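**Q** Provided herewith is a single structure, encoded as structure tokens, for subsequent inquiry.
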Amino acid sequence: MKLKHSLLMSGACMVAMASATGAQAQSTNTIEELVVTAQKKEESLQDVPIAVSAFDQNALEKAKIDGGPNLVLAVPNVNFSKGNFTGYNFQIRGIGSKLVAGSGDAGTGIHLNNAPLIANNLFETEFYDVERVEVLRGPQGTLYGRNATGGVVNLITAKPTDTFQGNIRAEYGNYNTQKLRGMVNLPLGDKFALRLAGSMLKRDGFGKNIVTGNDADDRDLFGTRASLAFNPTDRFRSWVVWDHFEEDDNRSRIGKQFCTKDNGPNTVGGVGFSAGGAGVIERGLFSQGCQAVGLYTPGMLGTVNSQATLGGLFGTYAGFQTGDAYAGKVQTPNIRDIESTFDPIYKSKTDIYQFNAEFDVSDNITMNWLTAFTTYKLTTRQDYNRYTPSVPFNTTPNPINLFAAVPGYATAIYPSLFPGGVINDPQNGPFNRFTTSDISSGYTTQWSHEIRFQSDFDGPFNFNVGGILTRFQGTGDYYVMFNTGTGFYQLNNALDPRNGGPNCVAGPTCVAIDPNKDPTRIGHNYYDSYGPYDLTSYAAFGELYWQMSENFKWTVGLRYTVDKKDVENHAVNLGTPGSGISGPLPGTPANLKVSFKEPTGRFGFDWKPDLAFTDETLVYAFYSRGYKAGGLNSPCSGGAGVICGPPTFKPEFINSYEIGAKNVLLDGTMTLNLGAFHYDYKGYQISKIVNRASTNENIDAKVNGAEFESVWQPLDGLRLNAAIGYLDTEIQSTSSIDTFNRTQSNPALTLVKSSAASNCVVTTAAAATALSIAKATGNPFALTAVCTTVSTAGAGANIGSGAIATGTNAFGGLVSDGVPVNLAGNPLPNAPHWTISLGAQYTMEFGDWSATMRGDYYHQTESVTRIWNSVSDRVKGWDNVNLTLTVENRDLGIEIAGFMKNATNEKAITDTYLTDDSSGLFQNVFYTEPRTYGISITKRW
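Using this note's numbering, the letters of the sequence shown correspond one by one to residues 4 to 944.
Given below as structure tokens:
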């Protein structure tokens with residue numbers, strides 16, 4: 004039996020550490036040949052005409068690359084950050100995933116053993132017992148396909164071999180971090196072999212929940228993997244893998260919440276506000292919640308003006324709250340701490356089943372069949388605002404409310420329903436203060452089947468052709484639950500005796516109150532974005548290779564992909580009479596469908612000239628076309644003053660032009676790889692949250708960049724590596740309204756809240772007129788009609804700075820969505836100009852023992868988090884330093900290591916997420932992890 008087992012090690016900037024760990028005892032300082040499978044066949048790294056980086060398990064451990072997020076420290080022109088809804092953005096050369104849509108695709112393809120994973124745990128799980136992790140940069144539209152416009156991350160697990168092996172590794176560090184991982188490889192006769200592996204991580208939180216006193220952002224997760232190889236003959240080779248991941252802890256889905264409070268203007272067009280409570284309400288309706296200021300501005304750890312939120316508006320309507328619930332409130336300065344009513348809940352479970360078979364059809368043609376089935380389940384729950392109010396609810400209602408005219412409201416109805424100001428919200432619990440929470444959950448299944456035929460002829464022509472079918476089905480909910488909304492609906496239900504009480508689930512005007520702590524979609528007292536998604540994707544692909552001469556090869560590849568997407572169309576039913584899941588908005592179909600049929604591919608050459616100043620050289624140049632499907636935007640809430648976005652968004656395409664050279668120099672002691680590229684980027688998908696719905700837009704951009712990677716071993720035991728990425732991205736001529744600054748600071752324009760807590764823009768003169776009328780009638784709530792158009796008169800008119808009117812409101816003013824911002828020349832988000840990785844490693848021998856010291860430095864320059872490139876979008880550059888010391892006795896199979904990650908304890912912002920108008924436009928901010936350190940002991944057999 005032959006069970007293939009190759010140690011496939013590093014390719015790019017980190018080749019140093021991967022190579023050194025396997026060659027510490029060598030007497031020569033020549034860099035050994037490295038093998039990767041970037042083109043789905045084994046090749047030497049220096050022979051692959053693709054920009055690729057790869058790391059084996061030993062290299063990952065030496066550099067403390069514990070999981071997907073750490074790859075940013077090792078690969079040029081890569082960026083990574085968590086996302087707001089349990090996702091993440093792994094970005095390569097400026098291309099990633101800045102869209103929010105259940106039917107959206109990532110720009111970087113994530114693969115396990117060459118099988119695509121649409122829903123995955125890249126940012127949660129840790130790398131263990133892997134053969135290698137490969138990162139391919141640039142569009143991989145032929146062999147990898149539909150959602151690989153930025154590149155591919157391919158995790159190759161270690162497969163069973165015909166030799167007994169085993170290891171166990173224990174680690175302990177600060178934050179009471181406990182890690183345990185291990186594997187055992189068992190030959191089972193001459194045809195079978197079994198490999199079992201596992202990993203466990205438990206640690207305390209990086210911060211505290213100062214309300215409950217418990218840890219925040221802790222970890223409790225584990226992974227297991229079983230692999231069985233079956234090689235009955237030399238011509239047939241197969242393996243099956245089961246990979247399991249599970250997490251149940253208090254992981255914080257988001258970081259700190261940034262907000263510099265917007266109290267609203269002092270006057271509107273020279274018109275002051277009313278005295279007393281009426282003036283407080285009036286002013287609150289001209290606030291957007293948080294000011295659009297820089298991320299590093301003093302006061303960013305303030306709190307949102309709750310009057311500018313939907314929950315605050317309901318609190319005002321019913322008289323629960325007088326003014327801002329967070330008046331005078333400032334968050335704790337520790338960026339790791341939270342102040343939440345309850346501890347975050349994070350539960351994730353994934354099972355992946357894979358089968359791969361290789362059959363040599365002839366001496367020169369191999370058939371490969373790879374099938375994979377994945378189930379993925381995720382539930383997260385946390386406090387929406389992550390800080391508690393400073394002002395409790397009124398024990399008697401504020402006299403200015405929508406129910407003031409109802410007999411007995413203040414003296415009987417309110418105190419009976421809300422004794423002591425306490426709202427009994429089934430989802431949030433009984434509290435006499437403004438309380439909100441959200442749940443982001445999902446359940447998906449995925450099948451994929453790929454069959455390929457690959458040749459290995461002695462002649463000039465070879466091929467790699469095949470087809471793939473993927474079926475992905477997902478369902479899930481995004482809930483936002485706020486007790487002022489529940490209380491408001493309980494009150495309305497109680498006022499109609501036909502409903503049977505405040506917590507009804509049926510009745511003529513009943514807004515159903517879900518009685519369950521964990522919502523079940525029957526209630527209309529919370530926001531629920533729900534739309535089951537079904538994807539069918541299939542493609543035929545192939546590459547033809549022509550070895551024109553001994554040192555010159557042409558490659559042409561073509562892929563034709565068909566994507567069919569189907570989303571159940573369910574309108575958000577917040578506050579609508581009835582119970583259960585709603586149907587579509589009037590005039591829209593029950594199922595929203597889109598389909599795309601697109602060709603992709605690549606064409607180019609690689610050439611190995613004989614140069615006097617290098618040992619080996621590979622020069623390559625390629626044109627590649629990448630494609631990522633469009634999709635369907637999230638369901639719109641509808642309602643007065645709400646402008647719904649388009650139902651769909653378009654695909655994106657990249658036309659890539661890349662040249663590169665890979666060189667071996669100085670008698671094999673140095674590798675020097677260079678590359679340059681230009682992207683013509685069409686239809687870049689970018690999301691913004693408008694009126695409680697994610698709206699994805701398409702824009703065009705240009706991307707230019709270069710990459711430098713080098714490894715040098717000048718002395719036996721000493722290795723130096725460097726990887727430098729340069730990126731210049733530029734959005735082409737287009738415009739978009741920035742929801743964070745709808746007026747673009749034009750004093751002639753004024754922002755106003757609608758009855759749904761969305762924002763609109765009117766002229767300051769029109770706003771002053773509406774305020775004067777509200778004051779004269781003694782009804783501050785009349786201002787919520789400013790955003791509602793009652794006619795199309797004036798539609799299309801420019802009310803100032805390019806803000807286009809959609810119609811006229813009841814006050815005679817023209818209403819607009821805001822001022823379009825010219826985006827031409829702005830950089831793409833999360834695309835810093837420079838990324839720099841530097842590393843040094845030195846190994847000393849002491850008889851049977853060796854000691855390896857390693858240091859890694861990483862720097863990325865400043866970047867922006869949104870396409871508007873405003874002061875509130877700018878993120879400073881940041882640094883990271885990792886240090887390791889490893890002492891090893893190979894004969895005994897013992898290794899003892901100490902490490903320190905983020906040695907300088909950098910508190911770097913990696914990305915932000917801007918919420919919508921009805922949440923008050925705060926920014927969720929994501930940080931790098933704090934300094935961690937510890938020791939590990941490994942025993943190998």
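Ideal Cβ positions, reconstructed from N, Cα and C, are used throughout, including at glycine.
Values in this document were obtained by computation on a predicted structure and should not be read as measured data.
What does DSSP give as the partner residues of Cys763 in its beta bridges?
**A** Here residue 763 corresponds to residue number 760 of the sequence shown, with the count starting at 1. For Cys763, which the question treats as bridged, DSSP gives the partners Val755.
**Q** Does DSSP classify Thr439 as helix, strand or coil?
**A** Locating residue 439 in the sequence shown gives position 436, where the first residue counts as 1. Three-state result, Thr439: strand.
**Q** In the structure shown, what three-state DSSP assignment does Val75 receive?
**A** On the sequence shown, position 72 is the one that residue 75 refers to. In the structure shown, Val75 sits in a helix (DSSP, three-state: H, G or I).
**Q** Give the range of the alpha helix (DSSP H) segment to which Gln493 is assigned.
**A** As a working note, residue 493 is residue 490 in the sequence shown. Gln493 -> alpha helix (DSSP H) spans Asn486 to Leu498.
**Q** Could you tell me whether the Cβ atoms of Pro400 and Ala413 are closer together than 7 Å?
**A** Sequence index remark: in the sequence shown, residue 400 carries index 397 (1-based). Sequence index remark: in the sequence shown, residue 413 carries index 410 (1-based). Yes.
**Q** Apart from the five residues just before and just after Ile1013, which ones in its own chain have a Cβ nearer than 6 Å to its Cβ?
**A** Not covered by the structure: residue 1013. The range shown for the chain is 4 to 944.
**Q** May I ask you to report which of helix, strand or coil DSSP gives Ser9?
**A** In the sequence shown, residue 9 corresponds to position 6, counting from 1. Below a pLDDT of 50, predicted positions are generally treated as unreliable, and Ser9, at 32, falls in that range; no measurement from the model is reported.
**Q** If we require 3 or more residues per run, which beta strand (DSSP E) segments fall completely within the region 538-595?
**A** Fully enclosed beta strand (DSSP E) runs of 3 or longer: 555-571.
**Q** In the DSSP output, what is Met203 paired with across the bridge?
**A** Here residue 203 refers to the residue found at position 200 when the sequence shown is read from its first residue. DSSP lists Leu183 and Phe225 as partners of Met203.
**Q** Looking at the structure shown, is Arg389 part of a helix, part of a strand, or coil, going by DSSP?
**A** Numbered from 1 along the sequence shown, position 386 holds the residue referred to as residue 389. Residue state, collapsed to three classes: coil.
**Q** Could you tell me the distance, in whole angstroms, from the CA atom of Thr344 to the CA atom of Arg436?
**A** Within the sequence shown, numbered from 1, the residue matching residue 344 stands at position 341. Within the sequence shown, numbered from 1, the residue matching residue 436 stands at position 433. So the alpha carbons of these two residues sit roughly 11 Å apart.
**Q** In the structure shown, what three-state DSSP assignment does Gly850 receive?
**A** Within the sequence shown, numbered from 1, the residue matching residue 850 stands at position 847. Three-state DSSP puts Gly850 in coil, outside helix and strand.
**Q** Assign Asn845 to one of three DSSP states: helix, strand, or coil.
**A** The count along the sequence shown starts at 1 and reaches residue 845 at position 842. This sequence places Tyr at residue 845; Asn is not what is there. Note: Tyr845 maps to strand in three-state DSSP.
**Q** How about Thr374 and Phe358: are their beta carbons less than 7 Å apart?
**A** Residue mapping note: residue 374 aligns to position 371 of the sequence shown, counting from 1. Residue mapping note: residue 358 aligns to position 355 of the sequence shown, counting from 1. Closer than 7 Å, so yes.
**Q** Could you tell me how far apart the beta carbons of Gln863 and Pro835 are, in whole angstroms, since I believe they sit closer than 8 Å?
**A** Here residue 863 refers to the residue found at position 860 when the sequence shown is read from its first residue. Here residue 835 refers to the residue found at position 832 when the sequence shown is read from its first residue. With 8 Å as the limit, Gln863 and Pro835 qualify as a contact, their Cβ atoms being about 4 Å apart.
**Q** Decide if the region 137-150 is in contact with the region 33-42; the criterion is three or more beta carbon pairs, one per stretch, under 8 Å apart.
**A** Output reads yes: the region 33-42 touches the region 137-150.
**Q** Please state whether DSSP places Phe784 in a helix, a strand or coil.
**A** Along the sequence shown, read from residue 1 onward, the residue named residue 784 stands at position 781. Helix at Phe784.
**Q** Among Leu472, Trp242 and Tyr492, which one has its Cα closest to the Cα of Ser2?
**A** A query on residue 2 cannot be resolved here, the shown segment of the chain reaching from 4 to 944 and no further.
**Q** Just to check my reading of the structure: Ser255 and Pro347 have Cβ atoms closer than 8 Å, yes? What is that Cβ distance to the nearest angstrom?
**A** Mapped onto the sequence shown, residue 255 falls at position 252. Mapped onto the sequence shown, residue 347 falls at position 344. Correct: roughly 5 Å between the Cβ atoms.
**Q** Give the straight-line distance between the Cα atoms of Lys5 and Leu48, rounded to the nearest whole angstrom.
**A** If you number the sequence shown from 1, residue 5 lands on position 2. If you number the sequence shown from 1, residue 48 lands on position 45. Any reading at Lys5 must be qualified, since the residue scores a pLDDT of 37, below 50, and its modelled position is unreliable; no value is offered.
**Q** So is Glu932 buried or exposed if we call it buried at 16+ other beta carbons inside 10 Å?
**A** Taking the first residue of the sequence shown as position 1, residue 932 is located at position 929. By the 10 Å Cβ count, Glu932 comes out buried.
**Q** For a test of the three-state rule: what should DSSP assign to Pro717, helix, strand or coil?
**A** Within the sequence shown, numbered from 1, the residue matching residue 717 stands at position 714. Strand, per DSSP.
**Q** My output table needs one value for Arg943: the three-state DSSP class, helix, strand or coil.
**A** For the purposes of this step, residue 943 is taken as the residue at position 940 of the sequence shown. In the structure shown, Arg943 sits in a strand (DSSP, three-state: E or B).
**Q** What residue does the alpha helix (DSSP H) around Val283 start on, and which one ends it?
**A** By one-based count along the sequence shown, residue 283 stands at place 280. Where Val283 is concerned, the enclosing alpha helix (DSSP H) stretches over Gly279 to Gly287.
**Q** When the Cα of Arg149 is compared with those of Lys567, Ile940, Phe814 and Gly226, which residue comes out closest?
**A** For the purposes of this step, residue 149 is taken as residue 146 along the sequence shown, with counting starting at 1. For the residues Lys567, Ile940, Phe814 and Gly226, the minimum Cα distance to Arg149 belongs to Lys567.
**Q** Nearest CA to the CA of Ala806: which residue from Ala759, Tyr175 and Leu754?
**A** Counted from its first residue, the sequence shown places residue 806 at position 803. Checked all of Ala759, Tyr175 and Leu754; the closest Cα to Ala806 is Leu754.
**Q** Considering only residues of the same chain and omitting the five flanking positions on each side of Ala543, which have a CB-CB separation below 6 Å?
**A** On the sequence shown, position 540 is the one that residue 543 refers to. Cβ neighbours of Ala543 beyond the five flanking positions: Gly470 and Tyr563.
**Q** Let's see if you can read the secondary structure: which residues bound the alpha helix (DSSP H) around Asn465?
**A** Taking the sequence shown and counting its residues from 1, the one referred to as residue 465 is at position 462. Asn465 -> not in any alpha helix (DSSP H); beta strand (DSSP E) instead, spanning Phe464 to Thr478.
**Q** Please work out which residues of its chain come closer than 8 Å, Cβ to Cβ, to Asp441, disregarding the five sequence neighbours upstream and downstream, and give them in chain order.
**A** Translated into the one-based positions of the sequence shown, residue 441 becomes position 438. The answer, listed in chain order, is Arg384, Gln385, Tyr387, Tyr481, Tyr482, Val483 and Met484.
**Q** Is it the case that the Cβ atoms of Phe652 and Gln688 are separated by a distance below 7 Å?
**A** What you label residue 652 is simply residue 649 of the sequence shown in a count that begins at 1. What you label residue 688 is simply residue 685 of the sequence shown in a count that begins at 1. Result yes, Cβ atoms of Phe652 and Gln688 sit closer than 7 Å.
**Q** Taking the CB atoms as reference points, tell me whether Arg474 and Thr539 lie closer together than 7 Å.
**A** Residue 474 sits at position 471 when you count from the first residue of the sequence shown. Residue 539 sits at position 536 when you count from the first residue of the sequence shown. A contact, by the Cβ cut-off of 7 Å.
**Q** Is it right to say Pro511 is buried, meaning 16 or more other beta carbons lie within 10 angstroms of its own, or is it exposed?
**A** Locating residue 511 in the sequence shown gives position 508, counting from the first residue. Counting Cβ neighbours within 10 Å, Pro511 comes out exposed, since fewer than 16 surround it.
**Q** Please state if the CB of Ala624 and the CB of Ile657 are separated by a distance shorter than 7 Å.
**A** Position 654 of the sequence shown, counted from the start, is the residue given in the question as residue 657. Position 621 of the sequence shown, counted from the start, is the residue given in the question as residue 624. It is not a contact, given that the beta carbons lie outside the stated cut-off.
**Q** For the region 720-736 against the region 253-270, do three or more pairs of beta-carbon atoms, one drawn from each stretch, fall closer than 8 Å, so that the two count as touching?
**A** No: the two stretches stay apart, fewer than three of their Cβ pairs being nearer than 8 Å.
**Q** Under 7 Å Cβ to Cβ from Gly272, same chain only, skipping five residues before and after it: list those, please.
**A** Counting from 1 along the sequence shown, the entry for residue 272 is found at position 269. Thr767, Ala768, Ala770 and Ala771, listed in sequence order.
**Q** Going by the DSSP bridge assignment, what does Arg238 pair with across the sheet?
**A** If you number the sequence shown from 1, residue 238 lands on position 235. Beta-bridge pairing links Arg238 to no other residue.
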